[in-house]
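Student: Note that the numbering used here gives residue 32 to position 27 of the sequence shown, counting from 1, and the numbers run on in steps of one. C-beta: ideal position from N, C-alpha, C; glycine also. Predicted model, so just to flag it, every value in this text is computed and none were measured.
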Amino acid sequence: MTEFFENTVGMSYEAAWFTATMVGILAISLIVMFAVAMVIYVDRKVLGAIMMRRGPNVVGPFGLLQSFADGLKVFLQETIIPSAANKGIFLLAPIVTFTVALAAWAVIPFDAGMVLADINVGLLYVLAISSLGVYGVVMSGWASNSKYPFFSAMRAAAQMISYEVSIGFVLVCVVLYAGTFNLSGIVMAQQGHGLGFINGYFVNPLLFPMFVVFFISALAETARAPFDLTEAESELVAGYQTEYSSMSFALFWLGEYANILLMCSLCTLLFMGGWLPPVEWAPLYYVPGIVWFLLKTFFFFFLFSWIWATVPRYRYDQLMRLGWKVFLPMSLVFVVLISGYLMATGHYA
Numbered sequence: 006m007t008e009f010f011e012n013t014v015g016m017s018y019e020a021a022w023f024t025a026t027m028v029g030i031l032a033i034s035l036i037v038m039f040a041v042a043m044v045i046y047v048d049r050k051v052l053g054a055i056m057m058r059r060g061p062n063v064v065g066p067f068g069l070l071q072s073f074a075d076g077l078k079v080f081l082q083e084t085i086i087p088s089a090a091n092k093g094i095f096l097l098a099p100i101v102t103f104t105v106a107l108a109a110w111a112v113i114p115f116d117a118g119m120v121l122a123d124i125n126v127g128l129l130y131v132l133a134i135s136s137l138g139v140y141g142v143v144m145s146g147w148a149s150n151s152k153y154p155f156f157s158a159m160r161a162a163a164q165m166i167s168y169e170v171s172i173g174f175v176l177v178c179v180v181l182y183a184g185t186f187n188l189s190g191i192v193m194a195q196q197g198h199g200l201g202f203i204n205g206y207f208v209n210p211l212l213f214p215m216f217v218v219f220f221i222s223a224l225a226e227t228a229r230a231p232f233d234l235t236e237a238e239s240e241l242v243a244g245y246q247t248e249y250s251s252m253s254f255a256l257f258w259l260g261e262y263a264n265i266l267l268m269c270s271l272c273t274l275l276f277m278g279g280w281l282p283p284v285e286w287a288p289l290y291y292v293p294g295i296v297w298f299l300l301k302t303f304f305f306f307f308l309f310s311w312i313w314a315t316v317p318r319y320r321y322d323q324l325m326r327l328g329w330k331v332f333l334p335m336s337l338v339f340v341v342l343i344s345g346y347l348m349a350t351g352h353y354a
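1. Secondary structure at residue 279, three-state DSSP: helix, strand or coil?
2. Does residue 172 pass the burial test, meaning 16 or more other C-beta atoms within 10 Å, or should it be called exposed?
3. From 54, 49, 111 and 144, pick the residue whose C-alpha is nearest to that of residue 96; which is it?
4. With DSSP run on the structure shown, which of helix, strand or coil describes residue 190?
5. Is residue 291 near residue 158, with beta carbons less than 8 Å apart?
6. Can you give me the start and stop residues for the alpha helix (DSSP H) that residue 182 sits inside?
7. Determine the direct distance from the alpha carbon of residue 341 to that of residue 72, and round the result to whole angstroms.
8. Given that a residue counts as buried once 16 or more other Cβ atoms are within 10 Å of its Cβ, and exposed if not, what is residue 236?
9. Among 125, 135 and 150, which has the Cα closest to the Cα of residue 91?
10. Leaving out five residues before and five after residue 312 in sequence, what residues of the same chain have Cβ atoms less than 8 Å from its Cβ?
11. Per the contact definition of three or more C-beta pairs closer than 8 Å, is the region 180 to 192 in contact with the region 270 to 278?
12. Distance, Cα to Cα, residue 316 vs residue 238?
13. May I ask you to report which of helix, strand or coil DSSP gives residue 57?
14. With a floor of 4 residues, list each alpha helix (DSSP H) that falls wholly inside the region 104 to 153, ordered by position along the chain.
15. Would you say the beta carbon of residue 272 is closer than 7 Å to some non-hydrogen atom of the ligand MG?
16. Where do the N-terminal and C-terminal ends of the alpha helix (DSSP H) with residue 222 fall, by residue?
17. Given residue 126, which residues of its chain have a CB within under 6 Å of its CB, disregarding the five upstream and five downstream residues?
18. With the cut-off set at 8 Å, would you say residue 103 and residue 260 are in Cβ contact?
19. Cutting at 8 Å between CB atoms, please list the residues of its own chain near residue 354, excluding the five before and the five after it.
20. Given residue 350, which residues of its chain have a CB within under 7 Å of its CB, disregarding the five upstream and five downstream residues?
21. Out of 320, 78, 59 and 307, which has the shortest C-alpha to C-alpha gap to residue 250?
22. Is residue 292 helix, strand or coil by DSSP?
23. Does DSSP classify residue 347 as helix, strand or coil?
24. Once you ignore the five residues that flank residue 282 on each side, which residues in its own chain have a CB closer than 7 Å to its CB?
25. Taking the C-alpha atoms as reference points, what is the distance between residue 82 and residue 75?
26. Nearest to residue 109 by alpha carbon, out of 252, 331 and 267?
27. Give me whichever residues DSSP pairs with residue 284 in a beta bridge.
28. Rounded to the nearest angstrom, what separates residue 22 and residue 262 at their Cα positions?
29. Sorted by chain position, which residues of the same chain lie with C-beta nearer than 8 Å to residue 319's C-beta, five sequence neighbours on each side aside?
30. Would you report the Cα separation of residue 182 and residue 270, rounded to the nearest angstrom?
31. Exposed or buried, what is residue 286 when buried is set at 16 or more other beta-carbons lying within 10 Å of its beta-carbon?
32. Looking at the unbroken alpha helix (DSSP H) that takes in residue 325, where does it start and where does it end?
33. Tell me whether residue 352 is buried or exposed, calling it buried when 16 or more other Cβ atoms sit within 10 Å of its Cβ.
34. Out of 294, 284, 163 and 265, point me to the one whose CA is closest to residue 305's CA.
35. Which ranges would you report for the beta strand (DSSP E) in the region 19 to 82 if only whole runs of at least 3 residues count?
36. Taking Cβ positions, are residue 216 and residue 207 nearer each other than 8 Å?
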């Protein structure tokens, strides 16, 4: 795109690079926001189907415009700030959450070459950016000056940190096999990985357990059911969002779903072959790679919704036990097993 602005429009290289970067950022932001609006609709439809009710079906054809109607509604509402709250941090918290959720998408490849920043340490960048999401929650909980949001913030901090450790070791396992931190390189390393014709690490008996650990840890990292202890209405009213209204609440909502989509896309990129078709069959490559990427990502989102509708919420001690006493030792053992296997088979020769 830089070459287009430089050669066709006649811009200098610096101006062309800046313009191309801004266009890319705007395009990704709009795509992610539209996807968030659609997956909220899908979420409600899946929940409705499982609970044997209709879900959104009035606003627009099949209720497709319901998310946009809800967005307009919160935009027109009054923003209420509690009198005892720290107003600056109170208003900054949802902005931090929303901004961090969008920033991680800069290195996500939707197709071969279709990525804003194809950096060599893309996986480390995603891990670093996603870990910043806890700051928005903690800031909102503390700044609200209310006990329920504060308890929620403490829960969120402990929960996210606990499962980030396991996620980190899972990523080490994937990097050992792929030999790169570049997300596009990780996808291409999965081409023909399973028996020479299946694209994806999920067929690997050493990586499949790590795939399961990553998927469950992604549920906990995004505070999604059955690990939604930060928003548990039975004891926390609404958690860190209790004192928020209008667009400040909507930014939390958008950031949360953008993070969920990010984790679904990482499941696709790290274990399911990204934009590659499921199997190495030439006719399947006529389907654009971005179509395969979106289908796989929305499949994982469907699993997120399915679990939300069917699995009861964990107790907090069960949540911590799973993270520290099950996933952490398990992921450490598999790091040793995978590295030992790769050394024994001459993978690093």
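Tutor: Put simply:
1. Coil, per DSSP.
2. Classification for residue 172: buried.
3. Nearest in C-alpha terms to residue 96, of all of 54, 49, 111 and 144, is 144.
4. DSSP places residue 190 within a helical segment (H, G or I) once states are collapsed to three.
5. No, Cβ-Cβ distance for residue 291 and residue 158 is not below 8 Å.
6. Note, residue 182: alpha helix (DSSP H), 152 to 183.
7. In a straight line, the C-alpha of residue 72 is about 46 Å away from that of residue 341.
8. Classification for residue 236: buried.
9. Among 125, 135 and 150, the Cα nearest to that of residue 91 is on 150.
10. Cβ-Cβ distances below 8 Å link residue 312 to 224, 229, 230 and 231 in the same chain, with the five nearest sequence neighbours on each side left out; the list follows chain order.
11. Touching, per the Cβ criterion.
12. Answer to the nearest angstrom: the Cα atoms are 16 Å apart.
13. Looking at residue 57 - three-state DSSP - the assignment turns out to be coil, as it is neither helix nor strand.
14. 127 to 136 and 138 to 148, all fully within the region 104 to 153.
15. No copy of the ligand MG appears in this structure; indeed no ligand is present at all.
16. Boundaries of the alpha helix (DSSP H) harbouring residue 222: 213 to 226, taken from the DSSP string.
17. These residues qualify, in order along the chain: 186.
18. The answer is yes: Cβ separation under 8 Å.
19. With a pLDDT of 43 at residue 354, under the threshold of 50, the modelled position of this residue cannot be trusted, and the question is left open.
20. Excluding positions up to five away in sequence, the list is empty.
21. Among 320, 78, 59 and 307, the Cα nearest to that of residue 250 belongs to 78.
22. Reduced to three states, the DSSP call for residue 292 is coil.
23. For residue 347, the three-state secondary structure derived from DSSP is helix.
24. Here the set comprises 204, 289, 290, 292 and 297.
25. Those two C-alpha atoms are separated by around 11 Å.
26. Cα-wise, what sits closest to residue 109 is 267.
27. 203.
28. Taking the straight line joining both Cα atoms gives about 30 Å.
29. Same-chain partners within the cutoff: 231, 232, 234 and 327.
30. Taking the straight line from one Cα to the other gives about 19 Å.
31. Flag for residue 286 reads exposed.
32. Where residue 325 is concerned, the enclosing alpha helix (DSSP H) stretches over 321 to 326.
33. Around the beta carbon of residue 352, a 10 Å sphere encloses fewer than 16 other beta carbons of the protein chains shown; the residue is thus reported as exposed.
34. Distance from the Cα of residue 305 is smallest, within the candidate group 294, 284, 163 and 265, for 265.
35. Here no run is fully enclosed.
36. Closer than 8 Å, so yes.
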